[in-house]
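One structure is given here, and the rest of the page talks about it.
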Amino acid sequence: MTAVLPWVTLAVCLAITIARIPSALRGENREVFYIFSLISLSIFISIEAPYLLIDGWLGGMNIGNLILRFLLYGTFYFMGIKIATAFGSASAVRAIRGPLGIAAAVIVGALTIYFFVITDTQGSSAGMSGLKWGPSLDGYAAMGRLYPGFVAACLIPAIWRTVVSTAPILLRVASGLLLLGLSLLLSSQLFPLIPFSEAWLRVLINYSAALFTCLGLAGIWFSKSFARRKQRLSA
Amino acid sequence: MPLPSKAFQRWLHGIAPDASTADVCRIAGIKRTTLAQQLVRGKVAESTLVSISRGFHINPVQALSTFDLYAELRGDPVPPTPCELVSQVATIDLLRAVVDRSEPGAAPAPRLSEPPHPTSVRNWVDAIDDGELRHRVSDTTGIAPQNFSAHLTANRLPPELAIATSRAAGVGPAGGLVAGGLITEAEAGWPPNARQEALDKLSQGRLVTLAGERLLALGKTLRRQEQDHERTERIWENLG
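Which chain is which? The protein sequence lines are A and B, in order. According to this note's numbering, the first sequence is numbered sequentially starting from 1. According to this note's numbering, the second sequence is numbered sequentially starting from 236.
Here is the structure:
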């Protein structure tokens, strides 16, 4: 199952991205289209077969993984601001875009590069799981989890308020899915507690987090179209 | 849905011994599946009983009173208090009365609209509340105060709770059923002009104060709805 899940996640994200092309061409909320494109691209690169191919072009020393990290940081930065604005949380917007958030992003980014450079990363392997793990690689992986976790933590309270509000039921369900995705992502902070032999659990959590986040975002879009259609029909 | 289906079927046999279930549903204007489901579950909704009574030209209050739960409805109807009557005047009618009194001689106000109106339940409970009513109701029925409040906000009043509330307030048992929309004021035995007369008896000061209170509450509700709406729209605008 953990072999299929990444592909399923990719297929779902790609489908949503493609479905958003018409509205993006019309100029409606292009940022959401870009966010979905970024998520799809990140998922694509993270899957073993494409990863090995791309990293092969880049010299086979896992620079592909480094690129993936920064792609994810960027995705979370933009997605975080967009979601925080949507859910009306000025404090979350400030936390992500303000001095604190920028400082966090810069430090995480710098440490990511530092840990990468001091590690011997020869030999392509997806998730760098084939490398010899040491403290520096642990630090590198922790940085990769830290920034998305930080953004998720900023967003969760505002989304929760919507889930328990009197908003339309479809919107609440979609927000619930988004909340579930981000909570799973936050739970990945506990990955160091998962024994190495249970690596499948990390894969499961990572991809289901991405899957639920995408489904939640798409669900919000759907709830809007649904409400608009109902309005038109009743008018 | 607290009418036991055995007792309900006995009652139904009493009023329409020869009618089939299909006939009963047709005459009462209810769905067959709805009735069948309620009978299978063993609990028949009061609203079903009321619809059937109306279909067979029986007073629903009398019909309800044959069940033990609603024994309090037996006997002559207890007349409503003036406060209860005024509470069942719709806010817009109340405002019309204010205008009419300030500018007498203009076109006569139309007849008061029938209860229930959009805030009937809360207005009724406020009208009979001596300050401790909600506590007493939650003590006797075991309903949590916040659930009671939720009913008021949703303008719902389950019949059983309506009876318990009127009992705790010491007013006639049918008032809450009118406010909750289960029965009409005529079915409850309220004289046809009772609400209009109670309204006319209010002094100008009381009337205007009451209208002000109603407007204030209405404004609060509308503002909350607008805020909820804005919140939803912002999410859709950014992510939709």
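Ideal placement from N, C-alpha and C gives every residue a C-beta, glycine not left out.
Cutoff 8 Å; reference residue i; Cβ partners in own chain excluding five residues on either side
| i | result |
| --- | --- |
| Cys305 of chain A | This structure cannot settle anything about residue 305 of chain A, because the visible part of chain A is limited to 1 through 235. |
| Thr388 of chain B | Arg357 |
| Gln439 of chain B | Arg336 |
| Arg30 of chain A | Ala24 |
| Leu445 of chain B | Val321, Leu329 and Leu437 |
| Ser136 of chain A | Phe115, Ile118 and Thr119 |
| Leu190 of chain A | none |
| Trp160 of chain A | Leu179 |
Residue i and residue j closer than 8 Å at C-beta
| i | j | result |
| --- | --- | --- |
| Glu206 of chain A | Ser183 of chain A | Correcting the residue identity first, residue 206 of chain A is Asn in this sequence and not Glu. For Asn206 of chain A and Ser183 of chain A, no; Cβs fall outside 8 Å. |
| Leu434 of chain B | Ala414 of chain B | no |
| Ile47 of chain A | Pro6 of chain A | yes |
| Ala92 of chain A | Tyr147 of chain A | no |
| Trp246 of chain B | Ala280 of chain B | no |
| Gly407 of chain B | Pro295 of chain B | no |
| Ala201 of chain B | Pro312 of chain B | Given a span of 236 to 475 for chain B in the structure shown, any question on residue 201 of chain B remains unanswerable. |
| Lys82 of chain A | Asn390 of chain B | no |
| Pro380 of chain B | Arg369 of chain B | yes |
| Gly88 of chain A | Arg466 of chain B | yes |
| Gln323 of chain B | Pro350 of chain B | yes |
| Thr283 of chain B | Gln273 of chain B | yes |
| Gly475 of chain B | Ile220 of chain A | yes |
| Ser165 of chain A | Asp463 of chain B | yes |
| Glu201 of chain B | Ile363 of chain B | There is simply no residue 201 of chain B to check, as chain B begins at 236 and stops at 475 in what is shown. |
| Thr2 of chain A | Leu193 of chain A | no |
| Ala275 of chain B | Ile418 of chain B | Ala is not the amino acid found at residue 275 of chain B; the sequence shown has Val there. In this structure, Ile418 of chain B does not lie closer than 8 Å to Val275 of chain B by Cβ. |
| Ala86 of chain A | Arg469 of chain B | yes |
Selected residue, minimal CA-CA separation from residue i, among the options
| i | options | result |
| --- | --- | --- |
| Val163 of chain A | A:Ala235, A:Ala174 and A:Leu155 | A:Ala174 |
| Met238 of chain A | A:Leu217, A:Trp221 and A:Arg20 | There is simply no residue 238 of chain A to check, as chain A begins at 1 and stops at 235 in what is shown. |
| Pro317 of chain B | B:Leu308, B:Pro343 and B:Gln431 | B:Gln431 |
| Ala152 of chain A | A:Ile96, A:Arg161 and A:Phe33 | A:Ile96 |
| Ile327 of chain B | B:Asn294, B:Gln460 and B:Leu347 | B:Leu347 |
| Gly149 of chain A | A:Asp138, A:Tyr77 and A:Leu204 | A:Tyr77 |
| Ser240 of chain B | B:Asp303, B:Val443 and B:Leu474 | B:Asp303 |
| Gln398 of chain B | B:Glu367, B:Trp359 and B:Pro345 | The amino acid occupying residue 398 of chain B in the given sequence is Ile; Gln does not appear at that position. Taking only the C-alpha atoms, the option nearest Ile398 of chain B is B:Trp359. |
| Leu131 of chain A | A:Phe196, A:Ile21, A:Thr2 and A:Ala235 | A:Phe196 |
| Ala126 of chain A | A:Pro99, A:Leu186 and A:Ser42 | A:Ser42 |
| Ala141 of chain A | A:Gly109, A:Trp160 and A:Ser165 | A:Gly109 |
| Gly416 of chain B | B:Gly277, B:Glu465, B:Ser355 and B:Gly447 | B:Ser355 |
| Asp374 of chain B | B:His352, B:Thr400 and B:Thr301 | B:Thr400 |
| Glu395 of chain B | B:Ala421, B:Ser300 and B:Leu453 | B:Ser300 |
| Trp200 of chain A | A:Arg229, A:Arg228, A:Ser129 and A:Lys230 | A:Ser129 |
| Pro237 of chain B | B:Asp253, B:Ala251, B:Ile470 and B:Lys278 | B:Lys278 |
| Arg376 of chain B | B:Arg441, B:Arg402 and B:Gly366 | Per the sequence shown, the amino acid found at residue 376 of chain B is Thr instead of Arg. Out of B:Arg441, B:Arg402 and B:Gly366, B:Arg402 has the C-alpha closest to the C-alpha of Thr376 of chain B. |
| Thr456 of chain B | B:Pro353, B:Ile470, B:Asn428 and B:Ile418 | B:Pro353 |
| Ile250 of chain B | B:Arg289, B:Gly447 and B:Arg276 | B:Arg289 |
| Ala257 of chain B | B:Trp471, B:Ala423 and B:Ile287 | B:Ile287 |
| Trp471 of chain B | A:Ile194, A:Glu198, A:Thr2 and A:Arg228 | A:Arg228 |
| His292 of chain B | B:Glu422, B:Arg441, B:Glu468 and B:Leu412 | B:Glu422 |
| Tyr34 of chain A | A:Arg26, A:Arg20 and A:Arg232 | A:Arg20 |
| Ala325 of chain B | B:Gly340, B:Pro345 and B:Arg309 | B:Pro345 |
| Gly411 of chain B | B:Val443, B:Gly447 and B:Asp361 | B:Asp361 |
| Ala49 of chain A | A:Pro99, A:Asp138, A:Gln231 and A:Val4 | A:Val4 |
| Gly424 of chain B | B:Asp365, B:Glu367, B:Gly340 and B:Arg309 | B:Arg309 |
Residues near residue i by beta carbon distance below 7 Å, same chain, minus five either side
| i | result |
| --- | --- |
| Arg69 of chain A | Thr112 and Gly144 |
| Ser223 of chain A | Pro168, Leu170, Leu171 and Ala174 |
| Leu185 of chain A | Pro148, Gly149, Ala152 and Ala209 |
| Ala240 of chain A | This structure leaves residue 240 of chain A out entirely; chain A is present only between 1 and 235. |
| Tyr531 of chain B | Since the first residue shown for chain B is 236 and the last is 475, residue 531 of chain B is missing from the structure and cannot be characterised. |
| Arg202 of chain A | Phe191 and Ile194 |
Same chain only: Cβ atoms within 6 Å of residue i, ignoring 5 sequence neighbours per side
| i | result |
| --- | --- |
| Leu66 of chain A | Phe116 |
| Phe212 of chain A | Leu177, Leu180 and Gly181 |
> Below 8 Å, can you find three or more Cβ-Cβ pairs linking the stretch 58 to 73 of chain A to the stretch 113 to 122 of chain A?
Replying inline: yes
> With contact counted as at least three CB pairs below 8 Å, one residue from each stretch, are the stretch 330 to 346 of chain B and the stretch 256 to 274 of chain B in contact?
Replying inline: no
>> So if I threshold CB-CB distances at 7 Å, which residues from the stretch 168 to 187 of chain A count as touching chain B?
In response: Pro168 and Leu171
>> Under 9 Å, CB to CB, which of the residues in the stretch 80 to 96 of chain A have a partner in chain B?
In response: Lys82, Ile83, Thr85, Ala86, Phe87 and Gly88
> Does the pairing of the stretch 73 to 88 of chain A with the stretch 100 to 116 of chain A give three or more beta-carbon distances under 8 Å?
Replying inline: yes
> Does the stretch 242 to 262 of chain B touch the stretch 371 to 386 of chain B, meaning 3 or more C-beta pairs lie closer than 8 Å?
Replying inline: no
> Of all the residues that make up the stretch 156 to 167 of chain A, which are near chain B by a beta-carbon distance shorter than 8 Å?
Replying inline: Thr162, Ser165, Thr166 and Ala167
> What residues in the stretch 449 to 473 of chain B bring their beta carbon closer than 8 Å to a beta carbon of chain A?
Replying inline: Asp463, Arg466, Thr467, Arg469, Ile470, Trp471, Glu472 and Asn473
>> For the stretch 296 to 326 of chain B, list every residue whose C-beta sits within 7 Å of some C-beta in chain A, in sequence order.
In response: none
> When you check each C-beta in the stretch 214 to 232 of chain A against every C-beta of chain B, which residues fall closer than 8 Å?
Replying inline: Leu217, Ile220, Trp221, Ser223, Lys224, Ser225 and Ala227
> Taking any Cβ of chain A, which residues in the stretch 406 to 420 of chain B have a Cβ under 7 Å from it, in chain order?
Replying inline: none
>> Using a Cβ-Cβ cutoff of 8 Å, what residues of the stretch 30 to 63 of chain A are near chain B? List them in chain order.
In response: Val32
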